[in-house]
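Novice: Okay, handing you the structure first.
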Amino acid sequence: MLQERINKKALVDFISGPVLLHFTLPFVMIYLCAGTIAQKYVGLYEATHIFFSSLIVWLGFLPLPGFPVVLAVMFVNLAGKLIFKSPWTLRNSGIIITHIAVMMLLLGGLITALFSREGFVDLMQGDNKAYVTDYHAREFIIRDENGVSLAQYNPNDFQAGQSVSDPELPFIIRIKEACRHCKIEKRAIGPNDDSVYNGMAQFMRLTDAPLQRENESNVGGVVFALYDRQGHEQGVYASLEDVPNWPQVDIGQSSYRFIYQKQKRALPFEIELLDFTRTTHPGTQLAKSYQSKVRIKDENGAWESLVKMNEPLRYKGYTLFQSSFMRTDTGDVSVLAVVWNAGRSFPYIAGLVLSLGLIVHLVVRRRPAK
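Numbered as in my numbering, the sequence shown ends at 373 without a single skipped number.
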């Protein structure tokens, strides 16, 4: 019994003591520095994924705790200090409130690191969309002739020689070539290759190319063979990101389309671009500022708003920024960055709580101790 109490006390002392904080702070500093420097060489997406989003950071063969794990440990350490080591007295109330504010900041950072999502909506005047396109995630979708999605896969998991199937579909997909960023080469069909290549697959072969620094600039693709359930090949096809000439194949009485694209997620509202205004620097075509007049529509009705470069629109947990624009032969295309952050409110609330804690601390400490 005595030994058990000693073990519990040692565990509480470890959780609430300064050792954990001294252990985690160097990781925070190293990851912040390394992530900032790495952006120059591997791009923002890869640097963020490696140093700030992954649960494990690999240093060669050595696994290290990722940034979310470090934040979680710091949160537990502060909670332990607050519960077990801090004197809960009026004189110490300001410090307790300040500790709670810091814990809220850590919790908000952890939620943001794990659950925040971002993408974009590109609109020409008069266009309306109720979905956001992800900057980074890709998807391989099979749709029927009515545009209904029948199956969806993560193409980053595809490997040459891999078979993909769904019990509801009358065919099996066998991956022949897959790449996150593709180099297109001329296809040379050997004399022993009995496959029937169709569409783009007749002329081009996809090979891996070095990834771009910015993940959204990568162009992925896949070449695949279709087999019926009896194992007979039905042809070889290619689907390439940003090339809307997706293969459409008739199998039995149905038609199927195979789409490789940036992942699209539904929005709880619809965005319509009413007008896009671009102001240029005098005597040049360089954009000085630009803004979008949009109409938001959902089950509650419709309303209009302006989205400017430094004045985002916030609605239903989403934040819409005027990110950029594209000039085309048919007119300007407004690009709105869309961010959903479950921890967005934590910094604001934590800031208020922190201010309250400091004020309480100053007021209480000015009073003479009894």
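Here a beta-carbon is modelled for each residue, glycine too, at the ideal position from N, C-alpha and C.
(1) Determine the extent of the alpha helix (DSSP H) in which Ile103 is found, giving its start and end residues.
(2) Thinking C-alpha only, which one of Thr333, Gly320, Ser337, Phe161 is nearest Ser327?
(3) Would you call the stretch 279 to 287 and the stretch 132 to 142 in contact, with 3 or more CB pairs under 8 Å?
(4) Bridge partners for Ser348 per DSSP, in chain order?
(5) Is Lys189 near Arg177, with beta carbons less than 8 Å apart?
(6) Which stretch, first to last residue, makes up the alpha helix (DSSP H) that contains Lys300?
(7) Mapping DSSP to helix, strand and coil, what is Ala37?
(8) Taking Gly320 as part of the alpha helix (DSSP H), name the residues at either end of that continuous run.
(9) Check Gly202 in the structure and name its three-state DSSP category.
(10) Taking the alpha carbon of Trp249 as the reference point, which residue from Asp332, Leu65, Phe143 has its own alpha carbon closest?
(11) With DSSP as the reference, label Asn131 as helix, strand or coil.
(12) Could you tell me the boundaries of the beta strand (DSSP E) in which Val72 lies?
(13) Is it the case that the Cβ atoms of Pro315 and Leu323 are separated by a distance below 8 Å?
(14) In angstroms, rounded to a whole number, what distance separates the CA positions of Leu110 and Lys296?
(15) Express the C-alpha separation of Arg260 and Asp332 in angstroms, rounding to a whole number.
(16) On a Cα-Cα basis, can you pick out the residue from Ser119, Gly83, Ile114 that is closest to Ile103?
(17) What residue does the beta strand (DSSP E) around Gln237 start on, and which one ends it?
(18) Is the number of C-beta pairs between the stretch 64 to 79 and the stretch 114 to 122 that are closer than 8 Å three or more?
(19) In whole angstroms, give me the CA-to-CA distance for Thr101 and Tyr293.
(20) Go ahead and pull the three-state DSSP assignment for Gln42.
(21) Around the Cβ of Ser64, are there at least 16 other Cβ atoms within 10 angstroms (buried) or fewer (exposed)?
(22) Would you say Ala353 and Met107 are within 8 Å of each other, going by their C-beta atoms?
(23) Tell me whether the stretch 204 to 220 and the stretch 43 to 59 touch, counting them as touching only if at least three CB pairs, one residue from each stretch, are closer than 8 Å.
(24) Exposed or buried, Tyr351, counting other C-beta atoms within 10 Å across all chains shown (16 or more means buried)?
(25) By Cβ distance below 6 Å, which residues in the same chain neighbour Asp125 in space, the five residues on each side in sequence not counted?
(26) Note down the Cα distance separating Gln61 from Asn159, rounded to an integer number of angstroms.
Specialist: According to the structure shown:
(1) 96 to 118
(2) Ser337
(3) no
(4) Answer is none; Ser348 lacks a bridge partner.
(5) no
(6) From DSSP, Lys300 is part of no alpha helix (DSSP H) but of the beta strand (DSSP E) over 290 to 301.
(7) helix
(8) Unbroken run through Gly320: none, as it is neither H nor E.
(9) helix
(10) Phe143
(11) strand
(12) From DSSP, Val72 is part of no beta strand (DSSP E) but of the alpha helix (DSSP H) over 70 to 83.
(13) yes
(14) 35 Å
(15) 29 Å
(16) Gly83
(17) 236 to 243
(18) yes
(19) 41 Å
(20) helix
(21) A small fix is needed here, since residue 64 is Phe in this sequence, not Ser. Classification for Phe64: exposed.
(22) yes
(23) yes
(24) exposed
(25) Val336, Val338
(26) Note on residue identity: the sequence assigns Trp, not Gln, to residue 61. Between Trp61 and Asn159, the C-alpha separation is close to 20 Å.
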